[in-house]
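The structure under discussion appears below in the form of structure tokens.
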Amino acid sequence: MPKMKTKSAAKKRFKVTGSGQVKFKPAKMRHMQMNKPKSMKRKARGTSILAEVDGRIILENFLPYTRGKKKTNHSPAPVAVE
497 MPKMKTKSAA KKRFKVTGSG QVKFKPAKMR HMQMNKPKSM KRKARGTSIL AEVDGRIILE
557 NFLPYTRGKK KTNHSPAPVA VE
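This note's numbering numbers the first residue of the sequence shown as 497 and each following residue consecutively.
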């Protein structure tokens with residue numbers, strides 16, 4: 497079976513955090529800033545976390561190879577030596 501392709505648009509728009517959540521940058525900050533209110537520009541600053549349901553869609557369909565990056569705190573079981 498061939499490899500799945502990561503969508504190039506999703507690569508540019510989303511990042512996956514260490515805990516497996518999806519970060520995104522809000523829209524409407526590219527051009528025509530003089531026509532937008534200060535409050536809109538202030539709210540669109542920085543990055544936000546996508547809702548869990550939407551993040552799952554992005555990870556499964558658009559970023560298939562970042563699904564396994566969720567951190568787990570599993571340590572190997574101790575081996576009993578006698």
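We treat Cβ as the ideally placed atom computed from N, Cα and C, and that holds for glycine. Quantities reported herein were computed from a predicted structural model and do not represent experimental measurements.
Around TYR561, the same chain offers MET500, THR502 as residues with beta carbons nearer than 8 Å, after the five sequence neighbours per side are excluded. Taking 3 residues as the minimum length, the beta strand (DSSP E) runs contained wholly in the segment 516-567 are 518-520, in order along the chain.
Only exposed fits GLY542, as fewer than 16 other CB atoms lie within 10 angstroms of its CB.
The shortest C-alpha to C-alpha distance from GLY551 to any of VAL512, LYS539, LYS508 is the one to VAL512.
Remark: C-beta atoms of ALA505 and LEU559 do not approach each other more closely than 7 Å. One thing to note: LEU546 has its Cβ within 7 Å of the Cβ of VAL518.
Distance between ALA540 and GLY516, taken at the CA atoms: about 23 Å.
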